[in-house]
């Protein structure tokens, strides 16, 4: 009887893990990763436009991202958007392409980025716990109304806990991979 609610709970937890993964991809490591440009919008004819919808993005070297706009008149706007972003990288433009050189990370900066990654992990786990709490409250309401038995409620709450544990492990694995990537010299 409460199966649709369980599916909804699992779907919300999947989305929480996806959101954490997306946030982790945005953390800059020593290696060039085009995903860090995903959150940057360029004012293109009055519309905020993602860079990947107006240019070809490539990684010709491990520490360089190259952006080649399809419309050459957009280079200045892309440059401005990159400079005003929180990337901390100064773009180099030659009028045809924009190059983003990634400097090597210092040990202090690496440790700082690891703290940020772990903070994002904790945020993801908090959202999982909130989803679990909401699902358990809903199951208790169903039990109180008499829609499900006490044993059924307990069984479903155990399933919700299993979902929470599984998704929490997924987040921990994602963060561990990101930390290894950050600490790689």
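Numbering (this note's numbering), first residue to last: 542 to 726. C-beta: ideal position from N, C-alpha, C; glycine also.
Straight-line spacing of the CA atoms in residue 690 and residue 708 works out to 27 Å. Just so you know, the alpha carbons of residue 647 and residue 702 end up roughly 40 Å apart. When secondary structure is reduced to three states using DSSP, residue 585 falls in the strand class. For residue 655, the closest alpha carbon among the candidates 673, 574, 719 and 567 is that of 719. Ranking 657, 697 and 562 by CA distance to the CA of residue 546 puts 697 first.
Beta-bridge partners assigned by DSSP to residue 709: none are found. About 5 Å separates the beta carbon of residue 620 from that of residue 632, a gap short enough to meet the 8 Å contact definition.
Partner residues in a beta bridge of residue 647, as assigned by DSSP, do not exist.
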